[in-house]
Amino acid sequence: MASAELQGKYQKLAQEYSKLRAQNQVLKKGVVDEQANSAALKEQLKMKDQSLRKLQQEMDSLTFRNLQLAKRVELLQDELALSEPRGKKNKKSGDTSSQLSQEQKSVFDEDLQKKIEENERLHIQFFEADEQHKHVEAELRSRLATLETETAQHQAVVDGLTRKYMETIEKLQNDKAKLEVKSQALEKEAKECRLRTEDCQLQLKNLHEDLSGRLEESLSIINEKVPFNDTKYSQYNALNVPLHNRRHQLKMRDIAGQALAFVQDLVMALLNFHTYTEQRIQIFPVDSAIDTISPLNQKFSQYLHENASYVRPLEEGMLHLFESITEDTVTVLETTVKLKTFSEHLTSYVCFLRKILPYQLKSLEEECESSLCTSALRARNLELSQDMKKMTAVFEKLQTYVSLLALPSTEPDGLLRANFSSVLTNVGAALDGFHDVMKDISKHYSQKATIEHELPTATQKLITTNDCILSSVVALTNGAGKIASFFSNNVDYFIASLSYGPKVASGFISPLSAECMLQYKKKAAAYMKALRKPLSESVPYEEALANRRVLLSSTESREGLAQQVQQSLEKISKLEQEKEHWMLEAQLAKIKLEKENQRLADKLKSTSSGQVAGLAQENASVGNASDQEETAKAVSEPVHSTSEVPDVESREDLIKNHYMARIVELTSQLQLADSKSVHFYAECRALSKRLALAEKSKETLAEEMKVASQKISRLQDELTTTKRSYEGQLSMMSDHLCSMNETLSKQREEIDILKMSSKGNSKKNKGR
């Protein structure tokens, strides 16, 4: 790859060099043309200078001639001045001479006039030639200056280009040298790779022979021992126990725990919503404490009072589903039998929603028909009626898809395995729709509550009830949003986890086969456990693992922590439910107390004045201090109440003390649960940090192991190369030793021959 990149870079530099070389040729040609033009202009300038010198010489000759003529004119004028007095003296004798002088004068005058005209004409020509010469000289000088600057610029460009070309040439030469070095290194690597490929081919050949032998052996064993192939038929393959994926089971249990928490929040919000709706029906538009409500609202209130019997089973069904998912099971749709019970509970709740929907719509219509309802409030009620219809429709849609998901565990023919992903996608869409509907309900109900609070007839009970309903609707909206985002984030994992099952087949054929598979899995686990024979010399694996966990952390095991966290969450949820229940009970008790005080006040008004004063004083002590002061001023002497008043007070004190003790107990339990949950959260966080550190150390050790393995492979390659070189040297040395042995043997033979010949000669000499 590196050689290819360098070759590409070298080709690009060569192309740029060729382009710059072509541009250099063009610039050189332009510089040569400009030099030729400058030489031609210099020659023209020389010719103009020569012509200027000729004209200067002619002008000098003309000036000299003019001076001569001027001197001659002066001489003639002097002669004329001398000839005039002479003519006065000799007028008579000089008539003929005067005529001659007049003729000469006229001749001279004509000659002088011609010379003057010629002189003027020459002066004009000289001046014009001089001006033209100056103009041409200035033009030529300016053109010469521009040409010189252009030549200097071109020369600078040419120098820069040559410098650049030299630098590029040097750079290309350096790159070429580097490429040659790299090519040599690559050739060496190629040789090494060839050697490695030869070794790999030998290893591959050996492995192929080994595997072929093993294949034949395994085929013979299969043909002799295996009676049938269970993976060929899907009915038999569904009974095979799949590979145990503990990470998958832990992830599914974690997801189920999150879903359980979300469902618990949603159940609590639904309970509050239905309960506060029932309380609102008793208050608005007609207060049941003052007047009787309509039969429709009475029936609607009766149905809403039964909401816990439909809503609580949803939490129980989800809890059973969560408890059914453990590390030992195989969690797919065919094995989640508890999903059917949750689906049934959801179906019963949907039936409850269908039952209360017409009453809810009629109740909203009754509110619209009351005199207190304004046009804006009527519009909000219509919007809420539409939202309630949408909410029921969304729950029906969700129940349909959940019941479809529960079919594979009971009726496998009801839902094909190919449609699992589409059903899960539709469940996510239904949850998103539920979140949108709850957002609309929250918006419209908040607008309705603000309008109702502005009414002059709005009571404090109505305001608090509306606030409670609005808070429950907000909790429903938040819970729906959390469930929708949770499902959309995990829908891909749900779809991918459906393939966790028997291989080669499409999945479990029926719930019976899934149940049989789980039984086989338990039997296989028991069989594998029975095969284990603990060694007496070493520590058992379970004890070592427990000791390692104790050494790593002083906390309990992960399962114990998960169970404790789950128990604490359950206790917290139960305490919250009891808190809500007792808050409602306290509100009801407060309302009953107010009614009882009012009834006692009415009863005491009908009795005697003394009893009236005593009862008023007692009631004022229970109520407020201002009434007590007024009754004290009105009555001078305190009057004791009847026997009924102490009973009421003692009963109220008992109830109050009981509720206060219960509240203190619940708060202490809640604080204890909070502290435990915080402690468990800190321990879980520490364990997660330790797990992250262990994973990081594992990754570093894996990288170090990879580096060590690479070094080992490199050293093995070097060892093989050195071994081959040593073997070559040893072979050469052995050949050299063989040749030396051959030479030595030849020399010994020659020595023996010489000895034999010397012995024969000695014998011959003795015989002589």
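Mind the numbering: the sequence shown is residues 2 to 769 in our numbering, read in order. Beta carbons: idealized from backbone N, C-alpha and C, even for Gly.
Query, Result
"Using 7 Å as the threshold, is the C-beta distance between residue 464 and residue 388 below it?", "no"
"Span of the alpha helix (DSSP H) holding residue 264?", "247–282"
"Check whether the Cβ atoms of residue 311 and residue 349 sit closer than 7 Å, and answer yes or no.", "yes"
"CA-CA distance, residue 475 and residue 300?", "27 Å"
"Count the other C-beta atoms from every protein chain shown that fall within 10 angstroms of the C-beta of residue 302, then say buried if there are 16 or more, exposed otherwise.", "buried"
"Mapping the DSSP letters down to three states, classify residue 473 as helix, strand or coil.", "helix"
"If we call anything under 7 Å between Cβ atoms a contact, is residue 322 one with residue 339?", "yes"
"What are the boundary residues of the alpha helix (DSSP H) that residue 452 is part of?", "421–454"
"Looking at residue 483: is its Cβ nearer than 7 Å to the Cβ of residue 263?", "yes"
"Tell me which residues share the same chain as residue 488 and place their Cβ nearer than 6 Å to its Cβ, disregarding the 5 neighbours each side in the sequence.", "429 and 432"
"Between the Cα of residue 319 and those of 379, 601 and 258, spot the shortest distance and give me the residue it belongs to.", "258"
"I'd like to check one pair, residue 279 with residue 305: are the Cβ atoms closer than 7 Å?", "yes"
"Once the 5 residues before and after residue 21 are set aside, which same chain residues still bring their CB inside 8 Å of it?", "162, 165, 166 and 169"
"Compute the distance between the beta-carbons of residue 771 and residue 265, then report whether it is under 7 Å.", "The question about residue 771 has no answer here: the residues shown for the chain are numbered 2 through 769."
"Should residue 222 go down as buried or exposed, given a rule of 16 or more other Cβ atoms within 10 Å for buried?", "exposed"
"Classify residue 610 as helix, strand or coil using the three-state DSSP reduction.", "Residue placement at residue 610 is poorly supported in this model, since its pLDDT is 49, which falls under 50; the coordinates still yield a value, given next. The answer is helix: DSSP assigns residue 610 an H, G or I state."
"If you check the beta carbons only, do residue 324 and residue 250 fall under 7 Å apart?", "no"
"Is DSSP giving residue 298 helix, strand or coil here?", "helix"
"Identify whether residue 369 lies in helix, strand or coil by the three-state DSSP scheme.", "helix"
"According to DSSP, is residue 195 helix, strand or coil?", "helix"
"Using 7 Å as the threshold, is the C-beta distance between residue 254 and residue 326 below it?", "yes"
"For residue 153, which residues in the same chain have their Cβ closer than 8 Å to its Cβ, ignoring the five residues on either side in sequence?", "none"
"For the alpha helix (DSSP H) containing residue 308, list its first residue and its last residue.", "Per DSSP, residue 308 belongs to no alpha helix (DSSP H) and is neither H nor E."
"Residue 386 to residue 460, Cα distance in whole Å?", "24 Å"
"Give me the Cβ distance between residue 449 and residue 373, rounded to the nearest whole Å; I'm assuming they're in contact under 8 Å.", "Residue 449 to residue 373, Cβ: 13 Å. No contact."
"Just verifying my parser: in three-state terms, what is the DSSP assignment at residue 330?", "coil"
"Quick one: measure Cβ to Cβ for residue 29 and residue 137, integer angstroms, because I've assumed they're closer than 8 Å.", "Between residue 137 and residue 29 the Cβ distance is about 31 Å, and since that is not below 8 Å, they are no contact."
"Would a C-beta distance cut-off of 7 Å place residue 485 and residue 436 closer than the cut-off?", "yes"
"If I'm right that residue 415 touches residue 408 with Cβ under 8 Å, what's the distance once you round it to whole angstroms?", "4 Å"
"With distances taken from CA atoms, which of 43, 172, 78 and 34 is nearest residue 13?", "172"
"Spatial neighbours of residue 397 within its chain, please: C-beta separation below 7 Å, excluding the five flanking residues on both sides.", "351"
"Is DSSP giving residue 685 helix, strand or coil here?", "helix"
"On the CB-based measure, 16 or more other CB atoms within 10 Å of its CB, does residue 676 come out buried or exposed?", "exposed"
"Taking only the alpha-carbon atoms, compute the straight-line gap between residue 788 and residue 214 and give it to the nearest angstrom.", "No information on residue 788 is available, as it lies outside the stretch 2 to 769 that the chain covers here."
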